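Undergrad:
2 protein chains.
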Amino acid sequence: MKTLVVELGARSYPIYIGAGLLEQDEPLAGHVAGRRVLVVTNETVAPLYLDKVTARLERFAPVAVVLPDGEQYKTLADLNRIFDALLGQRLDRRTTLVALGGGVVGDMTGFAAAIYQRGVSFIQIPTTLLAQVDSSVGGKTGVNHPLGKNMIGAFHQPRCVVIDIDTLNTLPDKELSAGLAEVIKYGLIRDTEFFGWLESNVDRLLARDPETLGFAIERSCRNKAAVVAADEMERGQRALLNLGHTFGHAIETGMGYGSWLHGEAVAAGMVVAAELSRRLGWLGAKDAARVGALLRRAHLPTQVPAGLGADRMLELMSVDKKVEDGQLRLILLKGIGDAVIRSDVPRAAIVEALDFCGAGG
Amino acid sequence: MKTLVVELGARSYPIYIGAGLLEQDEPLAGHVAGRRVLVVTNETVAPLYLDKVTARLERFAPVAVVLPDGEQYKTLADLNRIFDALLGQRLDRRTTLVALGGGVVGDMTGFAAAIYQRGVSFIQIPTTLLAQVDSSVGGKTGVNHPLGKNMIGAFHQPRCVVIDIDTLNTLPDKELSAGLAEVIKYGLIRDTEFFGWLESNVDRLLARDPETLGFAIERSCRNKAAVVAADEMERGQRALLNLGHTFGHAIETGMGYGSWLHGEAVAAGMVVAAELSRRLGWLGAKDAARVGALLRRAHLPTQVPAGLGADRMLELMSVDKKVEDGQLRLILLKGIGDAVIRSDVPRAAIVEALDFCGAGG
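Going down the list, the sequences are from chains A and B. Those letters in the first sequence? Residues 1348 to 1708, per the working numbering, in order. Those letters in the second sequence? Residues 1348 to 1708, per the working numbering, in order.
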């Protein structure tokens, strides 16, 4: 088992990465605060891992809530199911919530923990690659609104993250690929060497070689932890983690939540960002091509869906959290491993890049 | 105009108290952060003060949301109306929410501000006595759940509180009395002299004498600000502000939100707390009688509703936020102006005090 630490002063916490971690009580049970536990999971993950996790936490008399599976259920109304369970079972402030599942379960459970009785503890047990390398680390929690992704939420850090690599054995191929989009993102924004390693190892990752997956997860978490430690509340460089996300969120919202996986939308969004960077003269054509090539090898989409025109994409992007005083902030590339935040990109350039990448096509 | 400051380091903020404050742009407009404003109010307050407030904030192109009036609408579902307005109008992170109304509007607006895009600024303009002396100060925000009051929420401090005493001219008598319950509370928990002053001045307060009301509001806010500054997150003495509230919340939940005003329920709850304190030998019979007498003179209820038996009250209290590890924490009195937190009160004593105060009667 490897242990990384997200350094956030009094709110620092460990990330445990290893095989078979759900077969043993520690480190999970040792991080429970209080006397009771509520496990939040979904109907896909519950039959696979819920009994295992509740067995680990038996001394806390665990109770479970099983949510429907899918981004379309990441709503304020569905969040209420968690509160119904907490209050129905009379679970008080000294309860720890445990998120067992992918990004949706993790974001909703963390948000419920942030606002239940004005804040209780929670633990992340991510079971998808995307959640393991990205959403379970860093304390961003929340739900969607019909008009925008993650528009309602809070910063709330978990007490620990337990990543059992064995859970990837039950992950559908499509979801494995979606997770790889966020893995590739770290290479693009701040880790040139890792990007090169991914170009050499993407096939082994798709074949689920445990050692290769373990390395990619650890390296991704290291990158995420470093960025979050430097800028927890996203006042500056944490925004770099949003490469491809402004375009991606527009795709997810525009196509209807649950129609594209988050990682798929981010992949297409990163291609638009690379293409826009190339058009603005910051990224060489060869490097821009490497971005699309690696994503394609990971079986990820590299085109904006034809149904969404550039105008509709821009309209959807205008409500993104990266907008300030009406000015769109975009993450762009100056090279592989070198991202920048720009608020001065001409609308015409964005439209051209979107058109080139398939929007309105 | 008087100015008090809630001392919370970087999150310190002023409370302005005076007559005619809604007739002038400052101090209100100077505290807006960002470029836009959303005013949240309700259908009772909107016809009285909304035009006035939007006129003060004209340079921020204010938009308004008008919520239905009443505690029964303080729900997660109704909160969504605020997000619908924010996103429908494409208001981004650099928006300030303004709460114009009583405690329900203030709690909901503050909570919406706490979780919109993971946190935006807000300003309190309380228009009921209860909101002016209590709920608008201190950063507790949230909504109710059918099984418990204020169970979903966050700590989120406003940028300022603007108390225009003139707004009390339109307040129904019943609501004025409800506000007096919280005013009297400050005397009971930490300000013996103020309690004596209230015994001498309660009739002038009910007659809405502006000077007398102004003094009571200022003194109440001073007490609240001091407690909040010492213990923002309620790790210790802030809990004293909950005198009567554990019983009161049970009454509100048990009778159905909106049936009793919050201040009315707190008044009855304070009588139970005083009676329980007397039975435990901490409060003299004469002082216990003074509590009930002053509340009655303020036209407040001093009996638990007959429909709620002691067992049902205890069941409702068991989900209160003051419960930890299944142990009920109660605020009790050792004298007028001297409150304590106790977790060791025998259930039988609570039942007797509840029975004596009308529950099950």
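Using N, Cα and C, we set each Cβ at its ideal position, and we do this for glycine too. Keep in mind that this is a model prediction, so the values were computed, not measured.
At 4 residues or longer, and completely inside the region 1357-1403 of chain B: list those alpha helix (DSSP H) runs for me, N to C.
TA: 1398-1403, all fully within the region 1357-1403 of chain B.
Undergrad: Does DSSP classify ALA1614(A) as helix, strand or coil?
TA: Taking the first residue of the first sequence as 1, we reach residue 1614(A) at position 267. Residue state, collapsed to three classes: helix.
Undergrad: Three or more C-beta pairs under 8 Å: does that hold for the region 1604-1617 of chain A against the region 1661-1674 of chain A?
TA: With a cut-off of 8 Å, the region 1661-1674 of chain A and the region 1604-1617 of chain A do not count as touching, because too few Cβ pairs lie within range.
Undergrad: If you scan the region 1591-1661 of chain A from start to end, which runs of the beta strand (DSSP E) of 3 or more residues do you find wholly inside it?
TA: Runs found: none.
Undergrad: Could you check what DSSP says for ASP1538(B) in three-state terms: helix, strand or coil?
TA: By 1-based counting over the second sequence, the position of residue 1538(B) is 191. ASP1538(B) falls in the coil class under three-state DSSP.
Undergrad: Within this structure, are the beta carbons of ALA1460(A) and LEU1444(A) separated by less than 8 Å?
TA: Reading the first sequence from its first residue, position 113 is the one you call residue 1460(A). Reading the first sequence from its first residue, position 97 is the one you call residue 1444(A). It is a contact, given that the beta carbons lie within the stated cut-off.
Undergrad: Helix, strand or coil for ILE1683(B)? Go by DSSP, reduced to three states.
TA: Within the second sequence, the letter at position 336 stands for residue 1683(B). Coil at ILE1683(B), not helix or strand.
Undergrad: Residues in its own chain within less than 6 Å of ASP1550(A) by CB, not counting five upstream and five downstream?
TA: The residue labelled residue 1550(A) in the question sits at position 203 within the first sequence. For ASP1550(A), where only same-chain residues beyond five positions count, there are no Cβ hits under 6 Å.
Undergrad: By how many angstroms is the C-alpha of ILE1470(B) removed from the C-alpha of LEU1447(B)?
TA: Stepping through the second sequence from its first residue, residue 1447(B) is reached at position 100. Stepping through the second sequence from its first residue, residue 1470(B) is reached at position 123. Approximately 9 Å between the Cα atoms of the pair.
Undergrad: Could you check where the beta strand (DSSP E) with ASP1578(A) kicks off and where it finishes?
TA: As a position in the first sequence, residue 1578(A) is number 231, starting the count at 1. Per DSSP, ASP1578(A) belongs to no beta strand (DSSP E) and is neither H nor E.
Undergrad: Of the residues that make up the region 1575-1602 of chain A, which ones have a beta carbon closer than 7 Å to any beta carbon in chain B?
TA: If the cut-off is 7 Å between Cβ atoms, the region 1575-1602 of chain A has nothing near chain B.
Undergrad: Keeping to the same chain, check which residues put their C-beta closer than 8 Å to that of PRO1415(B); ignore five residues upstream and five downstream.
TA: For this step, residue 1415(B) is matched to residue 68 along the second sequence. Within the same chain, PRO1415(B) has close Cβ partners ASN1389, GLU1390, ASP1425.
Undergrad: According to DSSP, simplified to helix, strand and coil, what is ASP1416(B)?
TA: Taking the first residue of the second sequence as position 1, residue 1416(B) is located at position 69. Coil, per DSSP.
Undergrad: Can at least three beta-carbon pairs, one atom from the region 1533-1552 of chain B and one from the region 1393-1410 of chain B, be found at a separation below 8 Å?
TA: Taking 8 Å as the limit for Cβ pairs, the verdict is that the region 1393-1410 of chain B does not touch the region 1533-1552 of chain B.
Undergrad: Here's a check: name, in chain order, each residue in its chain whose Cβ is nearer than 6 Å to the Cβ of VAL1698(A), leaving out the five neighbours to either side.
TA: Taking the first residue of the first sequence as 1, we reach residue 1698(A) at position 351. So the qualifying residues of the chain are ALA1657.
Undergrad: Quick one: list the residues of chain B neighbouring GLN1464(A), beta-carbon separation under 7 Å, in chain order.
TA: In the first sequence, counting from the first residue as 1, residue 1464(A) sits at position 117. By Cβ distance, chain B contributes MET1498, LYS1668.
Undergrad: In the DSSP output, what is ARG1689(A) paired with across the bridge?
TA: Within the first sequence, the letter at position 342 stands for residue 1689(A). DSSP lists LEU1677(A) as partners of ARG1689(A).
Undergrad: Can you name, in chain order, every residue of its own chain whose Cβ lies under 6 Å from the Cβ of ALA1393(B), other than the five neighbours on each side?
TA: One-based indexing of the second sequence puts residue 1393(B) at position 46. So the qualifying residues of the chain are VAL1413.
Undergrad: Taking 8 Å as the threshold (beta carbon to beta carbon), is LEU1675(A) in contact with chain B?
TA: Along the first sequence, one-based indexing puts residue 1675(A) at 328. Chain B, which has no Cβ nearer than 8 Å to the Cβ of LEU1675(A), makes this no.
Undergrad: Any chance you could list the alpha helix (DSSP H) runs of at least 4 consecutive residues sitting entirely within the region 1479-1559 of chain A, in chain order?
TA: Runs found: 1520-1537, 1539-1553.
Undergrad: I believe ALA1366(A) touches ASP1511(A) by the beta-carbon criterion, under 8 Å. Please report the beta-carbon distance rounded to the nearest angstrom.
TA: If you number the first sequence from 1, residue 1366(A) lands on position 19. If you number the first sequence from 1, residue 1511(A) lands on position 164. ALA1366(A) to ASP1511(A), Cβ: 7 Å. Contact.
Undergrad: Do we get a CB-CB distance below 8 Å when we pair SER1665(B) with the residues of chain A?
TA: As a working mapping, residue 1665(B) is identified with position 318 in the second sequence. Closer than 8 Å to some Cβ of chain A, the Cβ of SER1665(B) qualifies, so yes.
Undergrad: Which residues of the region 1435-1457 of chain A have a Cβ closer than 8 Å to any Cβ of chain B? Give them in chain order.
TA: Listed by position, the residues of the region 1435-1457 of chain A near chain B (Cβ gap below 8 Å) are GLY1435, ARG1437, ASP1439, ARG1440, ARG1441.
Undergrad: Would you mind giving the Cβ-Cβ distance between GLY1561(B) and LEU1663(B), rounded to the nearest angstrom? I have them listed as a contact below 8 Å.
TA: Position 214 of the second sequence, counted from the first residue, corresponds to residue 1561(B). Position 316 of the second sequence, counted from the first residue, corresponds to residue 1663(B). In fact, because the Cβ distance is near 37 Å, the residues do not count as touching under 8 Å.
Undergrad: Identify the continuous alpha helix (DSSP H) that holds VAL1698(A) and give its terminal residues.
TA: Position 351 of the first sequence, counted from the first residue, corresponds to residue 1698(A). Here the alpha helix (DSSP H) through VAL1698(A) covers 1694-1703.
Undergrad: DSSP puts LYS1349(B) in a beta bridge; with which residues?
TA: Within the second sequence, the letter at position 2 stands for residue 1349(B). For LYS1349(B), which the question treats as bridged, DSSP gives the partners ILE1364(B).
Undergrad: Classify GLN1479(A): buried if its beta carbon has 16 or more other beta carbons within 10 angstroms, exposed otherwise.
TA: The residue given as residue 1479(A) occupies position 132 in the first sequence. So GLN1479(A) counts as buried.
Undergrad: Using a Cβ distance threshold of 8 Å, determine whether the region 1593-1600 of chain A contacts the region 1682-1695 of chain A, with at least three qualifying pairs required.
TA: The answer is no - the region 1682-1695 of chain A does not touch the region 1593-1600 of chain A, with fewer than three Cβ pairs under 8 Å.
Undergrad: In chain B, what lies closer than 7 Å to ASN1427(A) by C-beta?
TA: Taking the first sequence and counting its residues from 1, the one referred to as residue 1427(A) is at position 80. Chain B residues near ASN1427(A): LEU1423.
Undergrad: With DSSP as the reference, label THR1475(A) as helix, strand or coil.
TA: Walking along the first sequence from the start, residue 1475(A) turns up at place 128. It is coil, neither helix nor strand.
Undergrad: If you drop the 5 nearest sequence neighbours on each side, which residues of the same chain put their C-beta closer than 7 Å to that of GLN1464(B)?
TA: In the second sequence, the residue the question calls residue 1464(B) occupies position 117. So the qualifying residues of the chain are ARG1440.
Undergrad: Contact criterion: CB-CB distance below 8 Å. Does LEU1355(A) meet it with respect to chain B?
TA: Sequence index remark: in the first sequence, residue 1355(A) carries index 8 (1-based). Output row for LEU1355(A): interface = no.
Undergrad: Heavy atom of the ligand GDP less than 7 Å from the Cβ of CYS1568(B), yes or no?
TA: By its list of ligands, the structure shown contains no ligand whatsoever, and the ligand GDP lies outside what it can speak to.
Undergrad: If I measure Cβ to Cβ from SER1624(A) and keep anything under 8 Å in the same chain, skipping five residues before and after, which residues do I get?
TA: Taking the first sequence and counting its residues from 1, one reaches residue 1624(A) at position 277. The residues are LEU1630, ALA1635, LEU1679, LEU1680, LYS1681.
Undergrad: Note down, in chain order, each residue of its chain lying with its Cβ closer than 8 Å to the Cβ of LEU1351(B), except the 5 sequence neighbours on either side.
TA: On the second sequence, position 4 is the one that residue 1351(B) refers to. These residues qualify, in order along the chain: PRO1361, ILE1362, ILE1364, GLU1565, CYS1568, ARG1569, ALA1572.
Undergrad: Tell me the residue span of the beta strand (DSSP E) that contains GLY1448(A).
TA: Along the first sequence, read from residue 1 onward, the residue named residue 1448(A) stands at position 101. Unbroken beta strand (DSSP E) run through GLY1448(A): 1442-1448.
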